[in-house]
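Working notes for the structure below.
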Amino acid sequence: MNSNVVQFPITMADPQISTLQSIGAAYLAAWQTQHYAFLPALHQLLERHAKFFIKRVEEFHRNAERISATIRSNDLDEIIEDIQARRPCGHRRIPDRG
Numbered sequence: 001m002n003s004n005v006v007q008f009p010i011t012m013a014d015p016q017i018s019t020l021q022s023i024g025a026a027y028l029a030a031w032q033t034q035h036y037a038f039l040p041a042l043h044q045l046l047e048r049h050a051k052f053f054i055k056r057v058e059e060f061h062r063n064a065e066r067i068s069a070t071i072r073s074n075d076l077d078e079i080i081e082d083i084q085a086r087r088p089c090g091h092r093r094i095p096d097r098g
């Protein structure tokens, strides 16, 4: 049986995107300024790390946009608003999509 339900663990920590961005920027700056160009292996390692962090942050952004679009398309944003406003979730009728 296939299901479209996705459950995230409650204990899952939020990804610290700003931290990843700052780490990636530091690696990128060190690589671009060629601070360690006299050590080719280290210089290449900086390049790989910089590209890795940039790619991961872009991936986080894409996944966040996808999840946000899924929530909006399923009217879950209204349910979240109700929960945050401490209103009963059934106080308005969610349109039937069938």
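For the record, in the sequence shown the residue sitting at position 50 is 50 according to our numbering, with numbers rising by one throughout. Heads up, the beta-carbon is just placed ideally off N, CA and C, and yes, glycines get one too.
Check, Outcome
"Cβ neighbour criterion (16 or more within 10 Å) applied to residue 50", "buried"
"Simplified DSSP assignment, three categories, for residue 14", "coil"
"Cβ neighbour criterion (16 or more within 10 Å) applied to residue 46", "buried"
"Three-state class that DSSP yields for residue 35 in the structure shown", "coil"
"Reduced DSSP secondary structure (H/G/I, E/B, other) of residue 82", "helix"
"Endpoints, the alpha helix (DSSP H) within which residue 66 is located", "40 to 73"
"Pairwise C-alpha distance: residue 31 and residue 25", "10 Å"
"Neighbourhood of residue 28 by C-beta, 6 Å cutoff - its chain only, sequence neighbours within 5 removed", "50"
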